[in-house]
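279 is the number of the first residue of the sequence shown in my numbering; add one for each residue after it.
C-beta atoms are modelled at their ideal positions from N, C-alpha and C, and glycine is treated no differently.
Remarks on the structure that follows.
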Amino acid sequence: MRKIILAAAVLSALTGSASAFSVGSGNGNGNGNVGVGNGNGNGNANTGAFNGNFNGNGNFGFGNGNGNGNANMGAFNGNYNGNLNAGVANGNGNGNGNFGLANGNVNGNGNFGISNGNANGNGNWGAGNGNGNGNANH
C-alpha cells in the first residue's frame, strides 16, 4: 500500500498535476480543481463545476469557459484572452472587464451593469447600453 501511495506521489510530481476533491476532472500540468467535471490545459485553478480552461485561468463558479489568462467569478462566463468577469453570462473577446449580468464585448471594454453590448474601447455604467467604438455611458 505504501508503494502505491509513493508511486502516485511521484507521478503527480512528475506531471505537475494537482487535484483536490475532484470528480471527473481532466488536467494538463499545474492545475488545481475543487469541484466536479473541470477540464484544464496548463496552470488553471477551478472551484466549482464544469469549468473548461486552456492556459492560465482561474474560475470560481459554474460553467465558465476560457481561452488564456481569464478570471471568472460567477456562472456561464465565456472568454477568449485576458478578461475578468464577476457576474453571470458575460461573453468577451480580448481585454474586457465585466461586473454584472449578460454583458457582451469584443475588445477593451469595461462594463458595470446589465445587458451592455460593446465593440471596441467602451465603458458602460448602467443597463442596456449598446456601443460601437470609443463610447462612455453612465
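Do you know how far the Cα of glycine 378 is from the Cα of isoleucine 392?
-> Translated into positions along the sequence shown, residue 392 becomes position 114. Translated into positions along the sequence shown, residue 378 becomes position 100. Inter-residue distance for isoleucine 392 and glycine 378 is about 6 Å (C-alpha atoms, whole angstroms).
Is phenylalanine 332 buried or exposed, if buried means 16 or more other CB atoms sit within 10 Å of its CB?
-> Counted from its first residue, the sequence shown places residue 332 at position 54. Buried is the call here.
Helix, strand or coil: which one does DSSP assign to serine 303?
-> Position 25 of the sequence shown holds residue 303. Correct three-state label for serine 303: coil.
Coil, strand or helix - valine 384 by DSSP = On the sequence shown, position 106 is the one that residue 384 refers to. Coil at valine 384, not helix or strand.
Glycine 412 versus valine 301: straight-line alpha-carbon distance, rounded = Sequence index remark: in the sequence shown, residue 412 carries index 134 (1-based). Sequence index remark: in the sequence shown, residue 301 carries index 23 (1-based). Each residue's CA atom was taken as its position, placing glycine 412 and valine 301 some 44 Å apart.
Buried or exposed: which applies to alanine 414, given that a residue is buried once 16 or more other Cβ atoms fall within 10 Å of its Cβ?
-> The count along the sequence shown starts at 1 and reaches residue 414 at position 136. Alanine 414 sits exposed, since fewer than 16 C-beta atoms from the chains shown fall within 10 Å of its C-beta.
By DSSP, does alanine 367 sit in helix, in strand, or in coil?
-> Numbered from its first residue, the sequence shown carries residue 367 at position 89. Looking at alanine 367 - three-state DSSP - the assignment turns out to be coil, as it is neither helix nor strand.
Kindly indicate which residue of Asn374, Ala364, Gly315 has the alpha-carbon position closest to the one of asparagine 346.
-> Sequence index remark: in the sequence shown, residue 346 carries index 68 (1-based). For asparagine 346, the closest C-alpha among the options Asn374, Ala364, Gly315 is that of Asn374.
For glycine 326, which of Gly386, Phe390, Asn342 has the nearest alpha-carbon?
-> Taking the first residue of the sequence shown as 1, we reach residue 326 at position 48. Ranking the options by Cα distance to glycine 326, first place goes to Asn342.
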